[in-house]
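Under our numbering, the letters of the sequence shown match residues 10 to 125, in that order. Encoded as structure tokens, the structure appears first; notes follow it.
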Amino acid sequence: MTANKRKYTKSVIESIYSNRCFYCNRKLTDGNRAVDHLCPVSKGGKNTFENLVMCCKTCNSIKGNKTIGETIAQLQNDLNWCHDDVKRRRRLERYIHDFTHAKDLIITIKNINSKT
Ligand SMILES: [Zn+2]
């Protein structure tokens, strides 16, 4: 593992365990903290370190029983049907951005793990 990769891995781990939502980066408190299975238990996801992230209750309820890819598709579909409500459109666009970023981050982590 090169020094650069090590540094990058460290920053990925810090972003996950910095007491912020894995998806929207909101600060977590005792009142809004939830644990999310990246791959839902209903789809065969396990209670393993690699499959669990800390997130806020809002993102947890948006994601529900879906994978991240399914969540993005659902949000995109909601956005396609939401024409007039500007506030809701902005909120959906932000969620799509956040969940897409999280998906990219997981792909990066998997790539690093498979090379080390
Ligand atoms: Zn969140």
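A virtual CB, placed ideally from N, CA and C, is assigned to each residue, including glycine.
CA-CA distance, Asn-97 and Asp-107?
For the record, residue 97 in the displayed sequence is Arg; it is not Asn. Roughly 15 Å between the two C-alpha positions.
What do you get for Asn-69, buried or exposed, if any count of 16 or more other CB atoms within 10 angstroms of its CB means buried?
Its Cβ being crowded by 16 or more others within 10 Å, Asn-69 is buried.
Is Tyr-104 close to ligand 1? I mean its beta-carbon at under 6 Å from any heavy atom of the ligand.
no
Can you tell which of Gly-54, His-46, Gln-85 has its C-alpha closest to the C-alpha of Cys-65?
His-46
Where in the stretch 78 to 118 do unbroken runs of the beta strand (DSSP E), each at least 3 residues long, occur, reported from the N-terminal end onward?
If we require 3 residues or more, the stretch 78 to 118 turns out to have no beta strand (DSSP E) run fully inside it.
DSSP state of Cys-30, grouped into three classes?
coil
With DSSP as the reference, identify every bridge partner of Lys-124, one or two as the case may be.
BP columns for Lys-124 are empty, so no partner.
In the DSSP assignment, what residue or residues form a beta bridge with Asp-45?
Val-62
Whole-angstrom Cβ separation of Leu-88 and Glu-79, contact assumed at under 8 Å?
Not quite, the Cβ-Cβ distance comes to about 15 Å (not below 8 Å), so this is no contact.
Would you say Arg-35 touches ligand 1, meaning its beta carbon is less than 6 Å from a heavy atom?
yes
Could you check if Cys-91 belongs to the surroundings of ligand 1, using beta carbon to heavy atom distance under 6 Å?
no
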